[in-house]
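Asker: Numbering (our numbering), first residue to last: 8 to 375.
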Amino acid sequence: MIQVLGMGETDECRVSGRTRIRSMEMVLPSLAEPIRNKAFATLSKFWSKHSQDVKQAEYMWVRPWSWLEVKLCDSWDSVADRVSSSRISFFLLNNTMSLPPIFYHFFASPLPYAPTLALQNFVHGAQLARRRATGKHRDYLLLLQHRPVFTAGRRQLEDEVRDERARLRRMGADFESTQRGGELTYHGPGQLVGYPLLDLGRTAPAMSIRDYICRLQRTIQDHLRDAHGIVHAPSEHTGVFLDDGDGRGAKTKISSIGVQVRHRLTTHGFALNITREPLAWFDTVVACGLADVKAGSIAGRSKTVAEADVSVASEIPGMVDTFGRLMGRDMEKLDLNDSDEVSDAILKLEEEARILEINNPRPSGPLL
Numbered sequence: 008m009i010q011v012l013g014m015g016e017t018d019e020c021r022v023s024g025r026t027r028i029r030s031m032e033m034v035l036p037s038l039a040e041p042i043r044n045k046a047f048a049t050l051s052k053f054w055s056k057h058s059q060d061v062k063q064a065e066y067m068w069v070r071p072w073s074w075l076e077v078k079l080c081d082s083w084d085s086v087a088d089r090v091s092s093s094r095i096s097f098f099l100l101n102n103t104m105s106l107p108p109i110f111y112h113f114f115a116s117p118l119p120y121a122p123t124l125a126l127q128n129f130v131h132g133a134q135l136a137r138r139r140a141t142g143k144h145r146d147y148l149l150l151l152q153h154r155p156v157f158t159a160g161r162r163q164l165e166d167e168v169r170d171e172r173a174r175l176r177r178m179g180a181d182f183e184s185t186q187r188g189g190e191l192t193y194h195g196p197g198q199l200v201g202y203p204l205l206d207l208g209r210t211a212p213a214m215s216i217r218d219y220i221c222r223l224q225r226t227i228q229d230h231l232r233d234a235h236g237i238v239h240a241p242s243e244h245t246g247v248f249l250d251d252g253d254g255r256g257a258k259t260k261i262s263s264i265g266v267q268v269r270h271r272l273t274t275h276g277f278a279l280n281i282t283r284e285p286l287a288w289f290d291t292v293v294a295c296g297l298a299d300v301k302a303g304s305i306a307g308r309s310k311t312v313a314e315a316d317v318s319v320a321s322e323i324p325g326m327v328d329t330f331g332r333l334m335g336r337d338m339e340k341l342d343l344n345d346s347d348e349v350s351d352a353i354l355k356l357e358e359e360a361r362i363l364e365i366n367n368p369r370p371s372g373p374l375l
């Protein structure tokens, strides 16, 4: 059976391409002729309804049965030069095969940034080694809070951040330079950080980085809408923004995204402000290079949960479910009793963070 699962709407994930759309192409080597015909009929019906909004779209199988790419016909020369309000992703599913699950873990204590980065790199190395040796390697989603830390992106040079590093460390936060995309941002308690450690090459062809970022963004947008009745505001910038109705437009940023991909394996990820605790720290910097943007949080904006009941831990089930849906994957809680190198490394960092919280309490806010 083939199902068309849906359409993702976001300005940030516009589809770029040529003015003229090439003729429709389909590569479905594993499917029978009647199913291919049914797929064409379903997609043609959609295009007849939405041809004024969409110039070019990529359709991909998120489970590795085969790759489907569809482009509009040459005759549709009048479609918009850019997609104005939608990035279309269709997932055509048959029920014959599936990708392995993504294993997730939520850390109980806030983690220091440097050891967490080292853990990501360790997992990346383990995934790469296993993929090369056996082709059998796991994907992970690490969910956590950090101890207060400011991080700089890979394009920010030492001369640019030297003074900021000293100033922010005096406030009680750590400061780390990273290899992710983006600019200066903050991570800390009250903010959910997600580090998906995924192999984008599990599909054929590999999931593009652009599409991966769009799926991360949709995960956050859908979770905000479904769990809290919070609707994002379209923005030209990567991340998730809100319009507070103060006449400034999409000038409140509730979530940031910055990733790194090496050998088709992802590190870094997303951050979502849950409580108000991160906001005072964000007020001390120009986050992400956006001088006219302020930070926002779920707390105080949720239409379904009282502010006193908003917590990072309570967001985990919904975020996990939404992440799995957008990635087209089953989600499975990681059993730390598994005797493997990744589970052992996670368990070790979990214990180190617990002890650090006891022996070196973190500041509750910036020391101004």
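All residues carry an ideal CB built from backbone N, CA and C; glycine is no exception.
For a minimum of 3 consecutive residues, which ranges assigned as the beta strand (DSSP E) are wholly contained in the segment 144-208?
Answerer: 146-151, 156-159, 181-184, 192-194 and 198-204
Asker: Which residues in the same chain as Asp251 place their Cβ atom closer than 8 angstroms to its Cβ, once the five residues preceding and following it in sequence are excluded?
Answerer: The sequence position of residue 251 within the sequence shown is 244, counting from 1. So the list reads Lys258, Thr259 and Gly303, once near-sequence residues are dropped.
Asker: Among Tyr111, Val168 and Pro203, which residue has its Cα nearest to the Cα of Leu124?
Answerer: Position 117 of the sequence shown holds residue 124. That would be Pro203, whose Cα lies nearest to the Cα of Leu124.
Asker: Does DSSP put Gln224 in a helix, a strand or coil?
Answerer: By one-based count along the sequence shown, residue 224 stands at place 217. It is helical.
Asker: Please list the segments of the alpha helix (DSSP H) lying wholly inside the segment 282-322, counting only runs of 4 or more residues, in order along the chain.
Answerer: 284-289
Asker: How long is the line joining the alpha carbons of Leu149 and Asp166, rounded to whole angstroms?
Answerer: Start at 1 with the first residue of the sequence shown, and residue 149 comes out as number 142. Start at 1 with the first residue of the sequence shown, and residue 166 comes out as number 159. Cα atoms of Leu149 and Asp166: separation of roughly 32 angstroms, rounded to the nearest angstrom.
Asker: Measure the alpha-carbon distance for His244 versus Arg217 and round it to whole angstroms.
Answerer: Here residue 244 is taken as the residue at index 237 of the sequence shown, counted from 1. Here residue 217 is taken as the residue at index 210 of the sequence shown, counted from 1. If you take the alpha carbons of His244 and Arg217, they lie about 13 angstroms apart.
Asker: With the cut-off set at 9 angstroms, would you say Leu175 and Leu151 are in Cβ contact?
Answerer: Counting from one through the sequence shown, the residue named residue 175 turns up at place 168. Counting from one through the sequence shown, the residue named residue 151 turns up at place 144. No, they are not a contact pair.
Asker: Anyone know if the C-beta pair for Asp229 and Thr329 falls short of 9 angstroms?
Answerer: Locating residue 229 in the sequence shown gives position 222, counting from the first residue. Locating residue 329 in the sequence shown gives position 322, counting from the first residue. Yes, these two residues count as a Cβ contact at 9 angstroms.
Asker: Using 10 angstroms around the beta-carbon of Ile261, count the other beta-carbons present and answer buried if the total reaches 16, otherwise exposed.
Answerer: One-based indexing of the sequence shown puts residue 261 at position 254. Buried, because 16 or more other Cβ atoms sit within 10 Å of the Cβ of Ile261.
Asker: Return the first residue and the last residue of the beta strand (DSSP E) that Gly132 is part of.
Answerer: If you number the sequence shown from 1, residue 132 lands on position 125. Where Gly132 is concerned, there is no enclosing beta strand (DSSP E), although the alpha helix (DSSP H) it sits in stretches over Tyr120 to Ala140.
Asker: Provide the residue span of the beta strand (DSSP E) that contains Asn280, from first to last.
Answerer: Locating residue 280 in the sequence shown gives position 273, where the first residue counts as 1. From DSSP, the beta strand (DSSP E) with Asn280 extends over Leu272 to Asn280.
Asker: State the CB to CB distance for the pair Gln224 and Asn280, rounded to an integer number of angstroms; the pair is presumed to be in contact (CB under 8 angstroms).
Answerer: Start at 1 with the first residue of the sequence shown, and residue 224 comes out as number 217. Start at 1 with the first residue of the sequence shown, and residue 280 comes out as number 273. Contact doesn't hold; Cβ gap of about 15 angstroms is too wide.
Asker: Classify Ser369 as helix, strand or coil using the three-state DSSP reduction.
Answerer: Here residue 369 refers to the residue found at position 362 when the sequence shown is read from its first residue. The displayed chain sequence assigns Arg, not Ser, to residue 369. Coil at Arg369, not helix or strand.
Asker: Which residue comes first and which comes last in the beta strand (DSSP E) that contains Ala257?
Answerer: As a position in the sequence shown, residue 257 is number 250, starting the count at 1. Looking at the DSSP string, the run of the beta strand (DSSP E) that includes Ala257 is Ala257 to Arg269.
Asker: On the three-state DSSP scale, how would you describe Phe330?
Answerer: Your numbering for residue 330 matches position 323 in the sequence shown. Helix, per DSSP.
Asker: Could you tell me which residues DSSP pairs with Leu249 in its beta bridges?
Answerer: Within the sequence shown, the letter at position 242 stands for residue 249. According to DSSP, which records beta bridges pairwise, Leu249 is partnered with Thr259.
Asker: Alpha carbon to alpha carbon, how far is Arg177 from Glu65? Give it in angstroms, no decimals.
Answerer: Position 58 of the sequence shown holds residue 65. Position 170 of the sequence shown holds residue 177. Its pLDDT being 35, under 50, Glu65 is placed unreliably by the model, and nothing is read from it.
Asker: Beta carbon of Pro108, beta carbon of Arg336: below 9 angstroms?
Answerer: Within the sequence shown, residue 108 is the residue found at index 101, counting from 1. Within the sequence shown, residue 336 is the residue found at index 329, counting from 1. Cβ atoms of Pro108 and Arg336: closer than 9 angstroms.
Asker: Would you be able to state if there are at least three C-beta pairs under 8 angstroms between the segment 318-325 and the segment 349-366?
Answerer: no
Asker: Does DSSP put Glu243 in a helix, a strand or coil?
Answerer: In the sequence shown, counting from the first residue as 1, residue 243 sits at position 236. Glu243: coil per DSSP, three-state reduction.
Asker: Using only the alpha-carbon positions, how far apart do Gly15 and Val247 sit?
Answerer: As a working mapping, residue 15 is identified with position 8 in the sequence shown. As a working mapping, residue 247 is identified with position 240 in the sequence shown. Summary for Gly15: the model assigns pLDDT 33, below 50, so the residue's position carries little reliability; its value from the coordinates is reported in the next sentence. One C-alpha to the other measures close to 14 angstroms.
Asker: When you compare the segment 285-303 with the segment 267-275, are there three or more beta-carbon pairs, one atom per stretch, that lie closer than 8 angstroms?
Answerer: no
Asker: Go through its chain and collect everything with a Cβ distance to Leu297's Cβ below 8 angstroms, but skip five positions before and after it.
Answerer: Along the sequence shown, one-based indexing puts residue 297 at 290. Counting only Cβ-Cβ distances below 8 angstroms, and skipping sequence neighbours, we find His244 and Lys260.
Asker: Counting C-beta neighbours from all protein chains within 10 Å, is the total for Gly276 16 or more, i.e. buried, or is it exposed?
Answerer: Locating residue 276 in the sequence shown gives position 269, where the first residue counts as 1. So Gly276 ends up on the buried side.
Asker: Does DSSP put Ile237 in a helix, a strand or coil?
Answerer: As a working mapping, residue 237 is identified with position 230 in the sequence shown. Note: Ile237 maps to coil in three-state DSSP.
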